[in-house]
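Taken in order, these protein sequences are the chains called A and B. Here the numbering used here runs 553 ahead of the position in the first sequence, where the first position is 1. Here the numbering used here runs 1096 ahead of the position in the second sequence, where the first position is 1. For each residue, glycine too, the CB sits at the ideal point set by N, CA and C. As the structure is a prediction and not an experimental result, all values here were calculated from the model. To keep things clear, I will list the structure first and then write my remarks on it.
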Amino acid sequence: DTEVTQTPKHLVMGMTNKKSLKCEQHMGHRAMYWYKQKAKKPPELMFVYSYEKLSINESVPSRFSPECPNSSLLNLHLHALQPEDSALYLCASSQETGVPEQYFGPGTRLTVT
Amino acid sequence: AQKVTQAQTEISVVEKEDVTLDCVYETRDTTYYLFWYKQPPSGELVFLIRRNSFDEQNEISGRYSWNFQKSTSSFNFTITASQVVDSAVYFCALSEANQGGSEKLVFGKGTKLTVNP
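If you want it as structure tokens, here you go:
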């Protein structure tokens, strides 16, 4: 089973709202990732969690706050977003050692109004 | 610095044609991984293949084949007898090995393939 699930599939939020994106995997992977993808662009790495600890933050604005409650779950908390933050947010996971390919979820299409 | 170049922005073919997607990469490392991902209109990135820098054997999986040539730093992807369901954006990606497992992927800009009936 190579499934990564993400909820919600679509999200529309105002600039003053607080919302969260959720990601779950049951493959026993110990590394999890958040990516942001704008239209017609490749995914851009935002955060990496390794063994539930934040290992990489690609200088993401603080209005995006990641959280890894356990090895299977990854959240992205959103607050005071800007319209330019509208994008597809992809979650991915990979094994910590040996097999480096990342498996992606279907993404959350976020629109900030 | 690592870099992946997919020079073909968009390709349009008619069903049953063969099509090759080009990928050229740059890295200073001797150990690295190359990947191809498919992104259909639904948005999910689907892993297709991984190749490590020490394995230059070409690979075939059904209608898909990959040609890895270190001498030219290329990792090209060929779809034989294309089908409408192959329509998607295809990304080539590169990562360095031995980074403790949580790999940073460097993506090319992607090639949008449209297969017309």
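Is M568 (chain A) near A633 (chain A), with beta carbons less than 9 angstroms apart? Yes.
Can you give me the C-alpha to C-alpha distance between G1139 (chain B) and L641 (chain A), rounded to a whole angstrom? Across the structure, G1139 (chain B) and L641 (chain A) are spaced so that their CA atoms are roughly 8 angstroms apart.
According to DSSP, is S646 (chain A) helix, strand or coil? In this structure, DSSP gives S646 (chain A) an extended state, which the three-state scheme calls strand.
Through-space distance from E1111 (chain B) to P653 (chain A), alpha-carbon basis: One Cα belongs to P653 (chain A), the other to E1111 (chain B), and the distance between them is close to 33 angstroms.
Run of the beta strand (DSSP E) containing R1159 (chain B), from where it starts to where it stops: Here R1159 (chain B) belongs to no beta strand (DSSP E), and DSSP marks it neither H nor E.
Under the three-state reduction of DSSP, which class applies to V1180 (chain B): helix, strand or coil? In the three-state scheme derived from DSSP, where H, G and I count as helix and E and B as strand, V1180 (chain B) is classed as helix.
Measuring alpha carbon to alpha carbon, tell me which of A:L564, A:Q648 and A:R616 ends up nearest E605 (chain A). Nearest of A:L564, A:Q648 and A:R616 to E605 (chain A), Cα basis: A:Q648.
Just curious, the beta strand (DSSP E) that F1171 (chain B) is in, first and last residue? Segment S1170 to I1175, the beta strand (DSSP E) holding F1171 (chain B).
Return the first residue and the last residue of the beta strand (DSSP E) that R662 (chain A) is part of. Element bounds for R662 (chain A): T661 to V665.
Return the residues of the region 1141 to 1159 of chain B that lie within a Cβ-Cβ distance of less than 7 angstroms from chain A, sorted by chain order. Within the region 1141 to 1159 of chain B, the qualifying residues are L1141, F1143 and R1146.
Can you give me, in chain order, the residues of the region 1126 to 1140 of chain B that have a beta carbon less than 8 angstroms from any beta carbon in chain A? Those would be Y1129, F1131, Y1133, S1138, G1139 and E1140, in chain order.
Report the residues of the region 586 to 605 of chain A with a CB closer than 7 angstroms to any CB of chain B, ordered along the chain. Those would be P595, P596, L598, V601 and S603, in chain order.
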